[in-house]
Structure formats: C-alpha cells, structure tokens
Amino acid sequence: MGSYLLRRLLIALPSLLGISIVLFTVLALAPGDPFAEMALNPNVPPEVQANLRKQFGLDDPIWQRYFRWIFAMLQGDWGFSFISRVNVDQLILQRVPVTLAVIGASQILALLVALPVGIYSAMKPYSWFDRIASALAFVGFSLPTFFTGLLLILLFSIKLDWLPFVYRADISATGWQWWWEHVKQSLMPVMVLGLFQGASWTRYVRSAMLDVIRLDHVTTARSKGLGEWDVIMKHVVRNALIPVVTLVALQMPAIFGGAIVTEQIFRIPGIGSLLIDAILRNDTPVIMGVTFVFSCLVLLFNLIADLLYGWLDPRISYR
C-alpha cells in the first residue's frame with residue numbers, strides 16, 4: 006500500500022504540472038486587464054499604472070511569468086490578490102473549510118439516500134416502491150440546483166420563515182447556539198446538492214445492483230442456503246459499488262461546479278463565490294489559485310476512489 010501511494014503521488018506531480026501550464030496559459034491569453042478600472046480613474050497618473058504593471062510583470066512574456074509563478078508556488082508564495090490586497094493562499098484558506106463542509110455534508114446525504122433506495126429498488130424491481138423511487142429520481146436530477154434552491158428559499162425562508170436564506174460567517178453566538186445557527190443556514194444548500202446527487206446516484210446503484218444480482222456466484226450463494234440479506238450485502242453490494250465509486254470520483258468536478266452555483270444562490274462565503282468574484286474582477290492570481298486547488302481536490306478524490314477499490318473487491322491488489 007505504501008509503495009502504491011508513493012507511486013500515485015509521483016504520477017500526480019507531472020499531472021499537476023501540466024494542469025498548471027494549461028491554466029496559466031489560458032488565463033494569460035484571456036482578454037481583460039486587472040488594472041482596467043484604474044486606467045479610467047483620472048486621479049491615477051499613467052506612470053503609476055505603468056509602474057504597477059511592471060511590478061507585477063504583466064507585460065513580460067508568458068513563459069517568464071509562468072516560471073516566476075511556479076517557483077514562487079514551490080516556496081509557498083501563491084501570489085497577491087489585485088483586488089483584495091491579500092495573499093491568495095490566505096483567501097483560499099478562509100474559504101475552503103466552508104465549501105468542504107457543505108459539499109461533504111451534501112455527499113453524505115446523497116449516499117444516505119442513494120444506497121438504501123437503490124439497493125431496495127434492485128431487490129424489488131418493478132414494484133411500486135421501485136416505480137415511485139425511479140420517478141422521484143428522474144425528477145430530482147432533472148431539476149437544476151439553482152431552481153430547487155430558489156424553491157426552498159421561497160418555501161422555508163419567505164413563506165414559512167424557518168431558515169435563513171443568506172449564509173452568515175460572522176455569527177456572534179457561542180457554544181451549542183453557534184453550532185445550531187450554522188446547521189440552520191447550511192440545511193438548504195446541503196439539501197439542494199445532496200438530493201440532486203442522491204437522485205442521480207440512486208439510478209446508478211440500482212443499475213449496478215441489477216447487473217450483479219443476476220451473476221452465477223450470487224445464484225451459487227443462494228443455493229448454499231445463505232440468507233437473502235447475507236447474499237445481498239456480502240456478494241452483491243460490494244461488487245456493485247465498484248462502478249458507483251468510479252462514478253462518484255469522476256463526478257467530483259461537476260459536484261464542485263454545482264457547488265459554485267449553490268454558493269451564489271445562498272451567498273455562502275466559500276471558494277466558489279471567491280472564484281466567481283475573482284472572474285468578474287479579472288483577479289488573475291486568485292483565479293489561478295482557486296482552479297489549481299480544484300485540480301488538486303479532483304486528483305485527491307480519484308486516489309481515494311482507487312484505494313476504495315481494494316476494500317470493496319479483495320481481488321484487486323496494489324502492486
């Protein structure tokens with residue numbers, strides 16, 4: 006296991022290097038100027054603008070700017086935000102915990118919905134439960150997250166006045182009250198993301214279960230006198246979850262993309278809202294830092310998926 010992890014980390018390094026080159030080149034060639042607003046200000050002399058561009062190296066060739074950026078990154082310097090006047094790593098560290106907490110809770114909710122519903126639907130195919138679950142699943146992943154988010158806001162915030170629709174990071178309460186306030190304002194975004202993913206994963210769990218439940222080794226296990234629950238849990242579920250784990254890992258970029266939209270709806274101070282704000286203001290160092298963090302998270306979740314394969318299927322060995 007240790008050698009496998011080391012090998013995967015070594016493979017991830019050139020992947021991250023290639024991703025950084027592509028991201029930096031695309032952002033460098035994109036139209037826009039972070040000092041465009043300053044150029045419209047008559048109180049700022051042109052020589053001040055020129056000195057700022059020279060200080061940040063915006064007029065240097067792309068390859069020089071990239072090497073300067075990558076060497077600074079290796080030394081722990083992620084750059085400086087043109088708009089916030091704060092270090093990029095400090096901005097990201099302030100926002101990442103909120104995003105990971107919301108996404109993590111939503112994925113736990115999605116699994117709590119998808120696994121039992123998908124497994125039971127496969128055990129009772131074409132029953133009333135299966136038909137109702139399939140219909141709700143189709144409705145669930147057909148509705149976009151911004152639509153369901155607005156519906157929940159209209160119902161629980163405006164109509165019933167149960168939950169706040171704006172996420173506040175500066176809660177003055179302490180102790181259990183502080184936790185309760187955070188839970189209340191996280192319920193709707195977690196439900197929006199979790200139910201959307203849970204509806205999609207329910208169909209995949211059901212399909213994977215139906216593929217495995219017809220195999221010969223399952224029939225053999227039943228013929229040996231094993232109970233139906235033991236057959237399902239020991240011989241069907243573990244094998245059926247392998248493609249589901251692959252799906253979850255490959256959908257991580259889409260999950261983070263959906264979280265960006267949800268963060269904008271509920272005003273969550275996460276990494277997604279930071280990225281949108283940086284794009285609108287053409288804050289290139291922040292855009293580069295956030296997208297690079299997204300790339301690292303995707304590679305991390307793919308590594309976790311590969312490790313889960315060995316736990317689900319003992320035939321898979323790490324060499």
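First residue of the sequence shown: 6, per this note's numbering; consecutive thereafter. We put the CB at the ideal spot given by N, CA and C, even for glycine. All values derive from a computational prediction rather than experimental measurement.
Would you say residue 33 and residue 70 are within 8 Å of each other, going by their C-beta atoms? yes
According to the neighbour-count rule (16 or more other Cβ atoms, all chains shown, within 10 Å of its Cβ), is residue 238 buried or exposed? exposed
So, is residue 100 buried or exposed, given that buried needs 16 or more other C-beta atoms within 10 angstroms? buried
Hey, could you find the ends of the alpha helix (DSSP H) residue 237 is sitting in? Counting along the chain, residue 237 falls outside any alpha helix (DSSP H), and DSSP gives it neither H nor E.
Give the secondary structure of residue 56 by DSSP, where H, G and I count as helix, E and B as strand, and everything else as coil. helix
Touching or not, the segment 281-295 and the segment 194-207, by the rule of three or more beta carbon pairs under 8 Å? no
Taking all protein chains shown into account, do 16 or more other C-beta atoms lie within 10 angstroms of the C-beta of residue 244, making it buried, or fewer, making it exposed? buried
Determine which residues share a DSSP beta bridge with residue 92 and list them. 85
Burial state of residue 35, where buried means 16 or more other Cβ atoms lie within 10 Å: exposed
Closest by CA to residue 95, which one among 305, 310, 300 and 279? 279
Quick check: what's the CA-CA separation for residue 111 versus residue 105? 10 Å
With H, G and I counted as helix, E and B as strand and the rest as coil, what does DSSP make of residue 172? coil
Where does residue 211 land, buried or exposed, given buried means 16+ other C-beta within 10 angstroms? buried
Compute the beta-carbon to beta-carbon distance between residue 150 and residue 249, rounded to the nearest angstrom, for a pair I have assumed lies under 8 Å. The pair is not a contact, with the Cβ atoms about 21 Å apart (cut-off 8 Å).
Please report how far the alpha carbon of residue 296 lies from the alpha carbon of residue 10, in whole angstroms. 24 Å
Taking C-alpha atoms, which residue in 229, 55, 236 and 153 lies nearest to residue 217? 236
Tell me whether residue 274 sits in a helix, a strand or coil according to DSSP, three-state version. coil
Inter-residue Cα distance where the pair is residue 138 and residue 158: 25 Å
In whole angstroms, what separates the C-alpha of residue 127 from that of residue 195? 27 Å
Measuring only the C-alpha atoms, how far is residue 221 from residue 215? 13 Å
Sequence-distant residues of its chain with Cβ nearer than 7 Å to residue 142 (five each side left out): 204, 207 and 208
Among 312, 276 and 269, which has the Cα closest to the Cα of residue 152? 269
Three or more C-beta pairs closer than 8 Å, one from the segment 161-171 and one from the segment 83-95: is that the case here? no
Start and end of the alpha helix (DSSP H) containing residue 200? 181-218
Closest to residue 135 by C-alpha separation, out of 107, 26, 274 and 121, would be which residue? 121
Can you tell me the Cβ-Cβ gap for residue 254 and residue 240, rounded? I've got them flagged as a contact below 8 Å. Contact flag wrong, Cβ pair sits at about 24 Å.
Could you tell me which of 74, 62, 79 and 55 sits nearest to residue 18, measuring between CA atoms? 79
Would you identify the three-state DSSP class for residue 221, choosing helix, strand or coil? helix
Just the Cα atoms here: how many angstroms apart are residue 190 and residue 228? 52 Å
Look at the Cβ atom of residue 264, then the Cβ atom of residue 113, and state whether they are nearer than 8 Å. no
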